[in-house]
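Novice:
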Amino acid sequence: MTVTAERTDFAERIRAWLAPRAGEMEAMLEELVNIDSNSFDKAGTDAVGEHIAKLLTAEGITVTRIPKADFGDVFRAEVPGHGQNQHVLMLGHRDTVFAKGTVKTRGYSRQGDMAYGPGVCDMKGGLVANIFALRAIKAVGGLPFPVVALFTSDEEIGSPTGQAEIEAAARGARAVFNTEPGRVSGNVVTGRKGGASFHITVKGRAAHSGVNHKEGASAIEALARKIVRLHALTNYATGVTTNVGVIKGGNTHNTVAPWAEAELDLRFMTLAQRGELIGEIEKIVMAEDVPGTSATLTTKALFLPLEEKNSRALFEVYQKEAATIGFPVEGEFTGGCADSGFTAALGVPTLCGLGPVGGKAHTDDEFCRVDTLLPRTQALAATICALISTGAL
Ligand SMILES: [Zn+2]
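Counting in this note's numbering, the sequence shown runs from 27 upward without gaps.
1) What would DSSP say about Gln110, mapped onto helix, strand or coil?
2) Got a sec, what are the start and stop residues for the beta strand (DSSP E) Ala141 sits in?
3) Pull the bridge partners of Gln137 from the DSSP assignment, please.
4) Measuring alpha carbon to alpha carbon, tell me which residue in Ile40, Leu256, Gly217 is nearest Gly208.
5) According to the neighbour-count rule (16 or more other Cβ atoms, all chains shown, within 10 Å of its Cβ), is Ile108 buried or exposed?
6) Out of Asn111, Leu81, Glu76, which has the shortest C-alpha to C-alpha gap to Asp99?
7) For the structure I just gave you, are there three or more beta carbon pairs, one from the segment 281-301 and one from the segment 195-208, closer than 8 Å?
8) Determine which residues share a DSSP beta bridge with Ser320 and list them.
9) Tell me, to the nearest whole angstrom, how far the beta carbon of Leu259 is from that of Val228; I am working on the premise that it is less than 8 Å.
10) Does the distance from the C-beta atom of Val114 to that of Arg200 stay below 8 Å?
11) Can you list, in chain order, the residues of its chain whose CB lies under 7 Å from that of Glu85, leaving out five sequence neighbours each side?
12) Where do the N-terminal and C-terminal ends of the beta strand (DSSP E) with Ile410 fall, by residue?
13) Got a sec: does ligand 1 put a non-hydrogen atom nearer than 7 Å to the Cβ of Asp67?
14) Exposed or buried, which one is Asp139 when buried takes at least 16 other CB atoms within 10 Å?
15) Excluding five sequence neighbours on each side, which residues of the same chain lie with their C-beta closer than 6 Å to the C-beta of Thr71?
16) Tell me the residue span of the alpha helix (DSSP H) that contains Ile183.
17) Is Ala92 buried or exposed, if buried means 16 or more other CB atoms sit within 10 Å of its CB?
18) To the nearest angstrom, report how far apart Val266 and Ala313 are at their CA atoms.
19) Could you check where the beta strand (DSSP E) with Phe294 kicks off and where it finishes?
20) Measuring alpha carbon to alpha carbon, tell me which residue in Ile157, Ala103, Ala194 is nearest Val174.
21) With DSSP as the reference, please indicate the residues paired to Glu333 in a beta bridge.
22) Whether or not the segment 217-226 and the segment 286-295 are in contact is what I'm after, with contact meaning three or more pairs of Cβ atoms, one per stretch, closer than 8 Å; do they touch?
23) Using alpha carbons as the reference points, say which of Leu413, Asp365, Thr360, Ala405 lies closest to Ile183.
24) Taking Cβ to Cβ, would you say Val202 is nearer than 8 Å to Thr403?
25) What beta strand (DSSP E) runs, 3 residues minimum, are completely inside the segment 338-362?
26) At the level of alpha carbons, what is the spacing between Asn261 and Ala339?
27) To the nearest angstrom, how far is the alpha carbon of Asp391 from that of Gly143?
28) Shorter than 7 Å, the distance from the beta carbon of Met116 to the closest heavy atom of ligand 1, or not?
29) Give me the residue from Val105, Pro317, Asn269, Ile78 with the minimum Cα distance to Gly151.
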């Protein structure tokens, strides 16, 4: 068989295997949504992982569990290839932003084509897509190359333990597919901003503001001066934004403030901007704006950008496969960050937003279009098959 014929053969068998399984996919979505799994709830995210592992192992797919002390364990599933070494990687996070107990009052529900519930599109729908794509690939006996799926547990808080596992799994991969929710427009994500969040603390010196004002050093004044300079780094033309979204400080109106704190959010477009901006932020925070004050800067989370140069070729393949399956799709840019930035930053072709279409993520109105579960999973699997006959991307 020629390579192209082999690819078409795999793609058609996988598509046919998936076709009658829309009902099964929805049933699995309901099961996964109905397990609380906040990022900080290790038992919850582990329960989702164990459930996925059980489903995959029952199909004869090997699942490895990588233990983590503070957050949920990482689960890695693999369908081995026959012949070629360079693997394809699918990414999905099992954690949600919703508190433990949410399922009890607001579990999975469905109205028409819309499904609701905590994490229904972000990203339990995507997990279902990855599980079924992997099962379909296994059912046809595997592809020429290995297909790996990584299920992590702490994306919503910046992937403190997930990042290293994701980078290790992505190194040397042919391509990475992340099934974060498809956009409301039906599009996939070809570009994402990078982002970082910081905690700033300023120390000053307390003094009675009436009796000995001069002896004080106001941490609030120092922080205020820093905020003005930090906000001035925003440049819409280059896609850079800074936002101090939380401030706290001081003790009483008649005490020169001995302390102040702030939370800063930074978004940027390219890896080159990142280095420059972090340098400037450090300079601004460390400056002694008010004599007698000092400050510290702590990075809480850092996401790298998905630059379009790393997604373009893969998107063209996806668009063609989606058209064959029967839906039009375009690439879309978003200011939101995700794990796909880590893999794109390694130079590995990466495409994101491949999960079922959904919206209002992180709110009680979050929804997932159940009718998109099957076609999006078929397009994901078909794109993976297409790599059989595609050269380097
Ligand atoms: Zn997500």
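Cβ coordinates follow ideal geometry from the N, Cα and C atoms, glycine included.
Specialist: So, to answer that:
1) Counting from one through the sequence shown, the residue named residue 110 turns up at place 84. In this structure, Gln110 counts as coil in the three-state DSSP scheme.
2) Along the sequence shown, read from residue 1 onward, the residue named residue 141 stands at position 115. Ala141 -> beta strand (DSSP E) spans 140-142.
3) Position 111 of the sequence shown holds residue 137. Paired residues: Met140.
4) Translated into positions along the sequence shown, residue 208 becomes position 182. Residue Gly217 is the option with its Cα nearest to Gly208.
5) The count along the sequence shown starts at 1 and reaches residue 108 at position 82. Ile is not the amino acid found at residue 108; the sequence shown has His there. Exposed, by the Cβ-count rule.
6) Here the question's residue 99 lines up with position 73 in the sequence shown. Taking only the C-alpha atoms, the option nearest Asp99 is Glu76.
7) no
8) Residue mapping note: residue 320 aligns to position 294 of the sequence shown, counting from 1. Lys229, per the DSSP bridge assignment.
9) In the sequence shown, the residue the question calls residue 259 occupies position 233. In the sequence shown, the residue the question calls residue 228 occupies position 202. Actually they are not in contact, since the Cβ atoms of Leu259 and Val228 sit about 18 Å apart, beyond 8 Å.
10) As a working mapping, residue 114 is identified with position 88 in the sequence shown. As a working mapping, residue 200 is identified with position 174 in the sequence shown. Cβ distance < 8 Å, so Val114 and Arg200 count as in contact.
11) What you label residue 85 is simply residue 59 of the sequence shown in a count that begins at 1. These residues qualify, in order along the chain: Arg161, Lys164.
12) Position 384 of the sequence shown, counted from the start, is the residue given in the question as residue 410. First-last for Ile410: 399-412, but that is the alpha helix (DSSP H), not the beta strand (DSSP E).
13) Against the sequence shown, residue 67 aligns to sequence position 41. Checking every heavy atom of ligand 1 against the Cβ of Asp67, none is found closer than 7 Å.
14) Locating residue 139 in the sequence shown gives position 113, counting from the first residue. Flag for Asp139 reads exposed.
15) Counting from one through the sequence shown, the residue named residue 71 turns up at place 45. So the qualifying residues of the chain are Ser63, Gly98, Arg120, Asp121, Ser179.
16) By 1-based counting over the sequence shown, the position of residue 183 is 157. That residue, Ile183, is in no alpha helix (DSSP H); it is neither H nor E in DSSP.
17) Here residue 92 refers to the residue found at position 66 when the sequence shown is read from its first residue. Checking the sequence shown, residue 92 turns out to be Ile, not Ala. With fewer than 16 Cβ atoms within 10 Å of its Cβ, Ile92 is classed as exposed.
18) For this step, residue 266 is matched to residue 240 along the sequence shown. For this step, residue 313 is matched to residue 287 along the sequence shown. Cα-Cα distance, rounded: 22 Å.
19) For the purposes of this step, residue 294 is taken as residue 268 along the sequence shown, with counting starting at 1. 285-294 is the extent of the beta strand (DSSP E) around Phe294.
20) In the sequence shown, residue 174 corresponds to position 148, counting from 1. Selected option, being the one with the closest Cα: Ala103.
21) If you number the sequence shown from 1, residue 333 lands on position 307. The partner list for Glu333 (beta bridge, DSSP) is empty, contrary to what the question assumes.
22) yes
23) Residue numbering aside, residue 183 sits at position 157 when the sequence shown is read from its first letter. Minimum Cα distance to Ile183 is reached at Asp365.
24) Mapped onto the sequence shown, residue 202 falls at position 176. Mapped onto the sequence shown, residue 403 falls at position 377. No; because the gap between Cβ atoms is not below 8 Å, this pair is not in contact.
25) 357-360
26) Here the question's residue 261 lines up with position 235 in the sequence shown. Here the question's residue 339 lines up with position 313 in the sequence shown. If you take the alpha carbons of Asn261 and Ala339, they lie about 29 Å apart.
27) Taking the first residue of the sequence shown as position 1, residue 391 is located at position 365. Taking the first residue of the sequence shown as position 1, residue 143 is located at position 117. C-alpha separation (whole angstroms): 8 Å.
28) For the purposes of this step, residue 116 is identified with residue 90 of the sequence shown, where counting begins at 1. No.
29) In the sequence shown, counting from the first residue as 1, residue 151 sits at position 125. Of the candidates Val105, Pro317, Asn269, Ile78, the one whose C-alpha sits nearest the C-alpha of Gly151 is Ile78.
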